[in-house]
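Engineer: Protein chains in written order, with the working numbering: chain A, 40 to 173; chain B, 11 to 32. Where is the CB? At the ideal position from N, CA and C, for every residue including glycine. Following this message is one structure expressed as structure tokens.
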Amino acid sequence: GPIILQSYRVIADYEKNSKSELAAKNGDVVEIVEKSENGWWFCQLRNKRGWMPAAYLEPLDGPDESEEQDPNYEGDLHITTKDYSGELDDELSLQEGENVEVIHKLLDGWWVVRKGSITGYFPAMYLQKSGETA
Amino acid sequence: TIKRPPENPPPRPPAEVRRKQA
Chain A
40 GPIILQSYRV
50 IADYEKNSKS
60 ELAAKNGDVV
70 EIVEKSENGW
80 WFCQLRNKRG
90 WMPAAYLEPL
100 DGPDESEEQD
110 PNYEGDLHIT
120 TKDYSGELDD
130 ELSLQEGENV
140 EVIHKLLDGW
150 WVVRKGSITG
160 YFPAMYLQKS
170 GETA
Chain B
11 TIKRPPENPP
21 PRPPAEVRRK
31 QA
């Protein structure tokens, strides 16, 4: 039978920064083809397809908390796979190969991680589950 | 179709959305 795709509303204008992305305007309604845990969602808008940041999308039927995982304050051990220098003051700056604890996996691809006594946002794209004790 | 996500992390939520969440 037909595949029913979820519809989301674009909540702010989005300009694409690379070829594989999809540009959209505030108020556009897109269909979600695939949700990646790194916060990029593959979307369809009229006859165009491309990746959009999940942070720019909201479900048509109001806030969707059902897919959001609960925080895990014990921390889920991960290792950073790339250097990242925080741009906003709530982000962490870490080098490749650092062990961190993931506290909250957010759908927008920015996870709350703890490094020692410091907690902040870090891109999920640069994290890999380590499964080892720090 | 080849669907490879962008290589950079997605942008943080737009400023107006962050204000609403705070």
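Would you report the Cα separation of Pro21 (chain B) and Lys58 (chain A), rounded to the nearest angstrom?
Structural biologist: Taking the first residue of the second sequence as position 1, residue 21 (chain B) is located at position 11. Taking the first residue of the first sequence as position 1, residue 58 (chain A) is located at position 19. Note on geometry: alpha-carbon atoms of Pro21 (chain B) and Lys58 (chain A) lie some 16 Å from one another.
Engineer: Is the shortest distance between the beta-carbon of Pro98 (chain A) and the beta-carbons of chain B less than 9 Å?
Structural biologist: Within the first sequence, numbered from 1, the residue matching residue 98 (chain A) stands at position 59. For Pro98 (chain A), the answer is no, since every Cβ of chain B falls outside 9 Å of its Cβ.
Engineer: Roughly how many whole angstroms lie between the Cα atoms of Pro16 (chain B) and Gly40 (chain A)?
Structural biologist: The residue labelled residue 16 (chain B) in the question sits at position 6 within the second sequence. The residue labelled residue 40 (chain A) in the question sits at position 1 within the first sequence. Computed Cα separation, rounded: 31 Å.
Engineer: For Lys121 (chain A), which option in A:Leu131, A:Glu106 and A:Glu113 has the closest C-alpha, if you only look at C-alpha atoms?
Structural biologist: Translated into the one-based positions of the first sequence, residue 121 (chain A) becomes position 82. Lys121 (chain A) has its Cα closest to that of A:Leu131, out of A:Leu131, A:Glu106 and A:Glu113.
Engineer: By alpha-carbon positions, which one of A:Val69, A:Ala93 and A:Gln134 ends up nearest to Arg85 (chain A)?
Structural biologist: In the first sequence, the residue the question calls residue 85 (chain A) occupies position 46. For the residues A:Val69, A:Ala93 and A:Gln134, the minimum Cα distance to Arg85 (chain A) belongs to A:Val69.
Engineer: Tell me, please, whether the CB atom of Ser57 (chain A) is closer than 9 Å to any CB atom in chain B?
Structural biologist: Here residue 57 (chain A) refers to the residue found at position 18 of the first sequence. Closer than 9 Å: yes.
Engineer: Report the three-state DSSP secondary structure of Tyr112 (chain A) (helix, strand or coil).
Structural biologist: What you label residue 112 (chain A) is simply residue 73 of the first sequence in a count that begins at 1. Here Tyr112 (chain A) sits in coil by DSSP.
Engineer: Go to Met91 (chain A), then tell me how far its beta strand (DSSP E) extends in each direction, as first and last residue.
Structural biologist: Position 52 of the first sequence, counted from the first residue, corresponds to residue 91 (chain A). Segment Lys87 to Pro92, the beta strand (DSSP E) holding Met91 (chain A).
Engineer: Between Leu44 (chain A) and Asn65 (chain A), what straight-line distance do the alpha-carbon atoms span, to the nearest angstrom?
Structural biologist: Your numbering for residue 44 (chain A) matches position 5 in the first sequence. Your numbering for residue 65 (chain A) matches position 26 in the first sequence. Roughly 20 Å separates the two Cα atoms.
Engineer: In whole angstroms, what separates the C-alpha of Glu135 (chain A) from that of Gly125 (chain A)?
Structural biologist: By 1-based counting over the first sequence, the position of residue 135 (chain A) is 96. By 1-based counting over the first sequence, the position of residue 125 (chain A) is 86. If you take the alpha carbons of Glu135 (chain A) and Gly125 (chain A), they lie about 14 Å apart.
Engineer: Skipping 5 residues on each side, what residues in its chain have a beta carbon closer than 6 Å to that of Trp149 (chain A)?
Structural biologist: Counting from one through the first sequence, the residue named residue 149 (chain A) turns up at place 110. Once the five neighbours on either side are set aside, the close Cβ partners of Trp149 (chain A) are Tyr160.
Engineer: Should Ser169 (chain A) and Leu116 (chain A) be called a contact, given that it needs their Cβ atoms to be closer than 9 Å?
Structural biologist: Residue 169 (chain A) sits at position 130 when you count from the first residue of the first sequence. Residue 116 (chain A) sits at position 77 when you count from the first residue of the first sequence. For Ser169 (chain A) and Leu116 (chain A), yes; Cβs fall inside 9 Å.
Engineer: Using the Cα positions of Asp100 (chain A) and Val49 (chain A), report the straight-line distance between them to the nearest angstrom.
Structural biologist: Translated into positions along the first sequence, residue 100 (chain A) becomes position 61. Translated into positions along the first sequence, residue 49 (chain A) becomes position 10. Taking the straight line joining both Cα atoms gives about 13 Å.
Engineer: Tell me the DSSP secondary structure of Glu60 (chain A) in three-state form.
Structural biologist: Counting from one through the first sequence, the residue named residue 60 (chain A) turns up at place 21. Correct three-state label for Glu60 (chain A): strand.
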